[in-house]
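Notes to accompany the following structure.
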Amino acid sequence: MKKVTLRPKDKEYMFLDADNVTPDNFAGKTLDEVRAVEIYEGNRTYALGDYFDVIGETDPDPNEIGIVIDGSVPKVKYIGMKMSAGKLLVKGSVGMYAGGWMTGGRLRVNGDAGAYAGIAMEGGELVIDGNAGDYVGANYRGDWRGMKGGKIVVSGNAGSDIGEAMVGGEIVVKGNADLQAGIHAHGGKIVIEGDAESRVGAQMTKGDIIVLGKIGYWLPGFIYKKDDQIDYDGKQYAVKVYQGDRGEGGKGTLYYAGA
Amino acid sequence: MRTATDVVCPFCGTLCDDIEVDVDDAEKICATRNACIIGDNKFMTAQAPDRHLHPRIRRGGELVESTMDEAINKAAEILVNAKHPLLYGWSSTHCEAQEAGMALAEGVGGTMDNTSVCCHGPSVLAIHTVGISSCTLGEIINRADIVLYWGCNPVNAHPRHMSRYSLYKRGFFTERGKSDRTEIVIDVRRTETAQKADIFLQPEQGRDYELMNALRVAFRGGPLPESVAGIPRAEIEKVAQMLKDGRFGILFFGMGLTMTRGKHRNIDIAISLTADLNTYTKFLIMAMRGHYNVAGADQVSLWECGFPYAVDFARGFPRYNPGESSATDILARKEADAALIIAADPGAHFPIDMVRTLASIPMIAIDPHVTPTTEIASVHIPSAIVGIEDAGSAYRMDNVPIRMRKVVEPPEGVLTDQEIIERIHRRVMELQGLEVPEVTAVKEPAEALAPSAFDDILQRAT
Amino acid sequence: MSEILVKNGYVYDPKNGVNGDVMDIAIRDDKIVDAVSPTAKVIDASGKVVMAGGIDIHAHIAGPKVNVGRNMRPEDKLFNTSKRGKMTRSGGGFSVPSVFETGYVYSRMGYTQANEAAMPPLLARHTHEEMADTPLIDQSAYTLLGNNWLVMEYIKRGEKDKLNAFVAWMLHATKGYCVKLVNPGGSEAWGWGMNCVNISDPVPYFDVMPSEIISGLAEANEALNLPTSIHLHANNLGHPGNYQTTLDSIKLLEGVLPRDGKIRDQVINFAHMQFHSYGGTTWKDFETEAQPIADSINKNKNMTVDVGFVTLDETTTMTADGPMEYYLHNTNHLKWANADIELETAAGVVPYIYSPKISVCGIQWAIGLELALLIDDPMQAFITTDHPNAGPFRRYPRIISWLMSNQARLDRLETLHKVVPDRVAIGGISRVFDFYDIAKMTRAGPARALGLGDMKGHLGVGADADVAIYNYNPKTMDPTTDPAGIEKTFKNTAYTIKGGDIVVIDGEVVSKGNKRTIWVDATNGSMDPAVLDDIEKKFVRFYSVTMNNYPVQDEYVARGLVVKPEVA
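Okay, here's the thing in structure tokens:
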């Protein structure tokens, strides 16, 4: 695998759109061509090389490209958008939409991710070592087909509305999640190892949600079905199993360890 | 002295169109009839002697009077030099000005946002998710026998709403007005609207969503816990049954739902709840929109670019995602380097951090009055008051379009919102080296006596 | 004065009997003329197809429910947007495009007029604002009257003169073009969550039957000698077995002739007939009944249809048929919008995916094509998708490719659900249309049905200078074996000329155009005071706006073209 390193230059900007920063888009380009890849600050178009030192080597095959962003870029949006192959590592935090609409490959963020990380994801893997914002693995506005596949792991906490309208794939939050995790889900699986704020699984019709910690305020649409044991990450957990959201006529499953 | 009739009130989303305005021989507005106290004030203070009439530009820290050309030029320069200008407001002006604003926003690669972002933007997000089953207000007049106000307080915020449309007014199938209707109020506060309600539920703060979820479960026959949101199960079941048993129900909601915990999720589930009820009866829902033409701002934006508000044209095509592209969020993240504020007062209404951002960037304020926003502006251009000094379209809270009337001429030298925006845009195009189109705006004269939209042939033969 | 000479094209102009002849078309200002001076701009159309500008007789492209559709579907625009250009505004939307996009896409396809098929009177101002903002194409809007309280009351009381006067007043007040009925009676019943499924189901409280509303308004339409006939979205749309309701509706006007047969031949246009030609009893035994419907249209030369072809796309359904949309929402469980309009009508919007994998969708696709191919005279059947209900209008080129190539249809049929071939007849219909037929179905036919046959839809002297020039050589290329080529051809013209102005060159929009809004004033300069009294009572007691604030002001039709029917 060839490595392309993007080292942030010491340059001021309000924010940048980096939807062109993917292995797919670097594949087959020379380093100079990579430096010329368009990056946007508002209504102005710049070259990637204006904001980043670009070093390393590329490859014709995106599967063989690993991009390393060597620093924290919390105001850079759309990193890894629509990526389908290869690897992308950010040694720090990223802005909004990291890994949005991605279909394959692996994106790892060592720091925090802004809102909409992994939005409408279809495949691949997104790992966020820090905290994530709202709408992790959620749908785009209005689409009833949210995350379709792939896996998102957030080591820290996640915001509200994670996995909205999810139809497939998996989201794991090792910390806590805020309001409405898994709202409108029609499938897929969400694991919250810590606590979940209220409205877990709100208006969901299908899919699985596992909460190992506590749930803030219980949604009346979840009806107790039975006690059970589940196996998660090599450990056994005693859980109560609920079905909901009955208000929506839904048959999603909520496994609640309540530890 | 003359009286203008069928005047449309430029205040709230109720958009009352039965106002009569007396104008004396000196062209001064001297009285109104039919308007509520807020509407009356709007007309009666429009021509206040201390109204500011001249453009101002900030020089050396102070706003000083300038010529119109200077102000227009300065405004255009600010926008052309910006990488991500924010064009915000638009809700207290007509659709023609909003259309001009859309063209300008696109022309300068900026973000176009209206006050939905701080009132019913969440309702719009909910509509994206689940749609909305609604109607025009006349349907309520003629049919509604269950009127549910949830998180709204029309007695104070939309003073004529209940008498004109929703509760007291007699209609075709509701001949006895209020006696034919059951009024239900659900609110975390015991508002004035709640005080005369047939049923009042007071849920715990921030638990409206859970209460609505409980109602939906109740529609399906339970089971429910002992209480939800502090409301006992029996009460929830009783109200659920009432809603199902009605002939025609309507749920009106306000910022008590849109701007409290969960925001658009409260509306999402409120809409879903009303949709459920159509299995048993007819039940619809409507947002109590605030600014008189905030609904129109959404409509114009929708038909011109496909998205309702918070549209970012920076990349030459429309992008939309409130949370990112909304005015409040852009300012919170300091992602605007210039702003144009028109027909709204974020200086008074936005959280202080966002106001600080606004104050720190070059900002153009277009407003008939001196406001907290104009006082932190780099350029202030006073404008004519739409609905009093300028005619054009506005959309009522139920999206019924009504043409705002022009009752009197604006003060000498004061331009309309539309003229100001179009002049700025023409100057922007000059600065961008583009071909400048001809002026198209046509000014209507102030209407004399009973104004009518009819041709003479359609006037009653006398 | 500007002059253009379109030279040496293969011209298809059914009204003037020109079928592929090599001809020149001369244009002076906004009209087609006999000849132009030697200084005229010359467009070399040799080896190209030349037709009049296309006319869409039925689409939902402007107004309140279209905007509801836009609002409901941001996901329809994500990654479906276009950048602003030198002459163009940005916009977007696959199934519900923004107004600019609408104008550009039509123009690129060679269309110069598209008509909004359902304008709720109370919200007419909104429809006009959108039309005024839609560039390049001429437009009109059809005023919804089939569920209007006063219409039903006059029909119930048999007050025909008053009904005529009221219809004229409404067209004038809404600046509308024609009398449109959508689920007559059913949308009023929907005010109570009910419906009128059959044309003999009485409307709750008003106690008239849909059949009476249809006949009553058709009669008023002819009494006023309106340029086009009534347009009917019949009752019971989209339900298995509904072809019987459709046949019942057809019977109502059998033998009735238009008041002025010189303008048009039909007394009724059935909208989106595909949705009304369904057999079976449930979705499980759903099948085509296009044949009996087509037979009936073949017998009744006083009727036309627009087809409403299913294009097998993800789209957004929107109609004034409120109960139908609620039914659809309960069928596909996707988001639902409803908008009932006081005293007048209703509306609903639901997204819909016509999946080629689902048997029902495949059968619907076949029914549309069967109808078009089984109706003998293409002057009676017009190409529409009931945009966006059966598919977006941007798919017209694909529909044309299916109509011109049996092989294209068979290839598509093969990819559909396995039960489809048994439930449809399309596999056995080998008829193909040629450019002349297509010109009838998209130009001459709709123009005549709209009563605009002298002005639009043809290339004779005196016609509007609306011309489409396509990159296709009918002498060297074969549409029956080249569906992809046909689709490409009709998607982007070589030139579109609208009102004498070149608006598109090689698929690029090059002008801001000269669009007009066409409307009908049938008031004949007078108004019965008793009718005005009736109208006023409705406003004072039941409407939420004042009567003076109701009519659409002239400002909204600043670029208007008024048609005033002559009444002897």
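Residue numbers (the working numbering), protein chains in the order written: chain A, 1 to 259; chain B, 260 to 721; chain C, 722 to 1289. Think of the CB as a built atom: it goes at the ideal place given N, C-alpha and C, for glycine as much as any other residue. All of these numbers come straight from a predicted model, not from anything done at the bench.
Quiz item: Is Val667/B closer than 9 Å to Glu648/B when the C-beta atoms are compared?
Solution: In the second sequence, counting from the first residue as 1, residue 648/B sits at position 389. In the second sequence, counting from the first residue as 1, residue 667/B sits at position 408. In contact: Glu648/B and Val667/B (Cβ atoms closer than 9 Å).
Quiz item: So, using beta-carbon positions, are Val73/A and Val94/A closer together than 9 Å?
Solution: Numbered from its first residue, the first sequence carries residue 73/A at position 73. Numbered from its first residue, the first sequence carries residue 94/A at position 94. Yes, the Cβ-Cβ distance between Val73/A and Val94/A is below 9 Å.
Quiz item: If you run the structure through DSSP and keep just helix, strand and coil, what is Ser209/B?
Solution: No answer is possible for residue 209/B: the residues shown for chain B start at 260 and end at 721.
Quiz prompt | Selection from Ser1265/C, Ser1232/C and Pro1250/C that minimises the alpha carbon distance to Ser828/C | solution = Within the third sequence, residue 828/C is the residue found at index 107, counting from 1. When the alpha-carbon of Ser828/C is set against those of Ser1265/C, Ser1232/C and Pro1250/C, the nearest one is in Ser1232/C.
Exercise. Taking the CB atoms as reference points, tell me whether Met1162/C and His781/C lie closer together than 9 Å.
Key: Within the third sequence, the letter at position 441 stands for residue 1162/C. Within the third sequence, the letter at position 60 stands for residue 781/C. Inclusion of Met1162/C and His781/C in the CB contact set at 9 Å is not warranted, their separation being larger than that value.
Exercise. Could I get the ranges of all uninterrupted alpha helix (DSSP H) runs contained in the segment 1186-1223 of chain C, with 4 residues as the minimum, in chain order?
Key: Inside the segment 1186-1223 of chain C, DSSP marks whole alpha helix (DSSP H) runs of 4 or more residues at positions 1204-1212, from first to last along the chain.
Quiz item: Whose C-alpha, out of Ala1011/C, Gly937/C and Gly959/C, is nearest the C-alpha of Gly1290/C?
Solution: Outside the shown range of chain C (722 to 1289) lies residue 1290/C, about which nothing can therefore be said.
Quiz item: Where DSSP assigns a beta bridge to Asp1024/C, which residues make up the other side?
Solution: Translated into the one-based positions of the third sequence, residue 1024/C becomes position 303. Going by the sequence as given, residue 1024/C is Met instead of Asp. Bridge partners of Met1024/C: Ile989/C.
Exercise. Kindly say whether Lys1285/C, judged by its beta-carbon, lies nearer than 9 Å to any beta-carbon of chain B.
Key: Translated into positions along the third sequence, residue 1285/C becomes position 564. The beta carbon of Lys1285/C sits no closer than 9 Å to any beta carbon of chain B.
Quiz item: Can you tell me where the alpha helix (DSSP H) with Lys1139/C in it begins and where it stops?
Solution: Indexing the third sequence from 1 puts residue 1139/C at position 418. Neither: Lys1139/C is in no alpha helix (DSSP H) and is coded neither H nor E.
Quiz item: What's the call for Asp1034/C, buried or exposed, on a 16-neighbour Cβ count within 10 Å?
Solution: The residue given as residue 1034/C occupies position 313 in the third sequence. So Asp1034/C ends up on the buried side.
Exercise. Say whether chain B places a C-beta atom closer than 9 Å to the C-beta of His184/A.
Key: On the first sequence, position 184 is the one that residue 184/A refers to. With 9 Å as the cut-off, His184/A counts as an interface residue toward chain B.
Practice problem: Identify which residue in Val820/C, Ile753/C, Gly738/C and Asp882/C has its Cα closest to the Cα of Ala1251/C. | Solution: Position 530 of the third sequence holds residue 1251/C. When only C-alpha atoms are compared, the closest one is Asp882/C.
Quiz prompt | Three-way DSSP call (helix, strand, coil) for Asn729/C in this model | solution = As a first step, residue 729/C must be located in the third sequence, where it is residue number 8. Strand.
Quiz prompt | According to DSSP, residues forming a beta bridge with Val771/C | solution = As a working note, residue 771/C is residue 50 in the third sequence. In the DSSP output, where bridge partners are listed per residue, Val771/C has Val732/C and Ile1190/C.
Quiz prompt | Buried or exposed by the 16-neighbour rule on C-beta atoms within 10 Å, applied to Gly234/A | solution = Within the first sequence, residue 234/A is the residue found at index 234, counting from 1. By the Cβ-count criterion, Gly234/A is exposed, with fewer than 16 other Cβ atoms from all chains shown falling within 10 Å of its own Cβ.
Self-check item: Cβ of Asp143/A within 9 Å of any chain C Cβ
Solution: Within the first sequence, the letter at position 143 stands for residue 143/A. Taking 9 Å as the threshold, the shortest C-beta distance from Asp143/A to chain C falls below it.
Quiz item: Are Pro381/B and His523/B closer than 9 Å when you measure CB to CB?
Solution: Stepping through the second sequence from its first residue, residue 381/B is reached at position 122. Stepping through the second sequence from its first residue, residue 523/B is reached at position 264. Contact flag set, yes.
Quiz prompt | Same chain, Cβ closer than 6 Å to Arg262/A, five either side skipped, listed in chain order | solution = Residue 262/A lies beyond the range of chain A shown here (1 to 259); nothing can be said about it.
Exercise. Assign Ile716/B to one of three DSSP states: helix, strand, or coil.
Key: Locating residue 716/B in the second sequence gives position 457, where the first residue counts as 1. Unreliable positioning characterises Ile716/B in this predicted model, as indicated by a pLDDT of 44, which lies under 50. A coordinate reading is not provided.
Quiz prompt | Identity of the residue in Asp1275/C, Val1273/C, Asp1222/C and Pro818/C nearest Ser723/C by Cα | solution = Position 2 of the third sequence holds residue 723/C. Comparing C-alpha distances from Ser723/C to each of Asp1275/C, Val1273/C, Asp1222/C and Pro818/C shows the shortest one belongs to Asp1222/C.
Quiz item: Under a Cβ-count criterion, where at least 16 other Cβ atoms within 10 Å of its own Cβ denotes burial, should Asp10/A be classed as buried or exposed?
Solution: By one-based count along the first sequence, residue 10/A stands at place 10. Asp10/A should be labelled exposed.
Quiz item: Is it true that the CB of Val191/A sits closer than 9 Å to the CB of Ile260/A?
Solution: Only positions 1 to 259 of chain A appear in this structure, which leaves residue 260/A out of reach.
Quiz prompt | Distance, Ile209/A Cα to Ile443/B Cα | solution = Residue numbering aside, residue 443/B sits at position 184 when the second sequence is read from its first letter. Residue numbering aside, residue 209/A sits at position 209 when the first sequence is read from its first letter. C-alpha separation (whole angstroms): 36 Å.
Self-check item: Cβ-Cβ separation, Trp349/B to Asn1290/C (assumed contact under 8 Å), whole Å
Solution: Absent from the model: residue 1290/C. The displayed extent of chain C is 722 to 1289, so no value can be given.
Exercise. Could you pull out every unbroken beta strand (DSSP E) segment of at least 3 residues lying fully inside the segment 2-84 of chain A, listed in chain order?
Key: Runs of the beta strand (DSSP E) inside the segment 2-84 of chain A: 2-8, 38-41, 44-47, 52-56 and 65-69.
Quiz item: Using a C-beta cutoff of 9 Å, does Glu725/B count as contacting chain A?
Solution: Outside the shown range of chain B (260 to 721) lies residue 725/B, about which nothing can therefore be said.
Exercise. Starting from the beta carbon of Leu561/B, find every residue of chain C whose beta carbon is closer than 7 Å, and list them in chain order.
Key: To locate residue 561/B, count along the second sequence from 1; it is residue 302. By Cβ distance, chain C contributes Asn788, Arg791 and Asn792.
Quiz item: Quick one: which chain F residues come within Cβ less than 9 Å of Gly368/B?
Solution: Reference to chain F is not applicable here, since the protein chains of this structure are A, B and C.
Exercise. Compute the beta-carbon to beta-carbon distance between Gly813/C and Phe576/B, rounded to the nearest angstrom, for a pair I have assumed lies under 8 Å.
Key: Along the third sequence, one-based indexing puts residue 813/C at 92. Along the second sequence, one-based indexing puts residue 576/B at 317. With 8 Å as the limit, Gly813/C and Phe576/B qualify as a contact, their Cβ atoms being about 7 Å apart.
Quiz item: Excluding sequence positions up to five away, which residues of its chain have a Cβ less than 7 Å from the Cβ of Ala362/B?
Solution: Here the question's residue 362/B lines up with position 103 in the second sequence. Closer than 7 Å at the Cβ level, and outside the excluded window around Ala362/B, lie His684.
Quiz item: Does the segment 383-400 of chain B come close enough to the segment 541-550 of chain B that 3 or more CB-CB pairs lie under 8 Å?
Solution: Result yes; three or more Cβ-Cβ pairs closer than 8 Å.
Quiz prompt | Contacts that Pro795/C makes with chain A (C-beta to C-beta distance below 9 Å) | solution = Numbered from its first residue, the third sequence carries residue 795/C at position 74. Neighbours of Pro795/C on chain A, chain order: Tyr140, Arg141, Gly142 and Asp143.
Self-check item: Residue from Ser642/B, Ala598/B, His387/B and Asp626/B whose Cα sits closest to the Cα of Ala618/B
Solution: By 1-based counting over the second sequence, the position of residue 618/B is 359. It is Ala598/B whose Cα lies nearest to the Cα of Ala618/B.
Self-check item: Whole-angstrom C-beta distance between Ile530/B and Val389/B, which should lie under 8 Å
Solution: In the second sequence, counting from the first residue as 1, residue 389/B sits at position 130. In the second sequence, counting from the first residue as 1, residue 530/B sits at position 271. That belief holds up - the Cβ atoms of Val389/B and Ile530/B are roughly 5 Å apart, short of 8 Å.
Quiz item: Where do the N-terminal and C-terminal ends of the alpha helix (DSSP H) with Met852/C fall, by residue?
Solution: Stepping through the third sequence from its first residue, residue 852/C is reached at position 131. Its alpha helix (DSSP H) spans residues Ala845 to Asp854.
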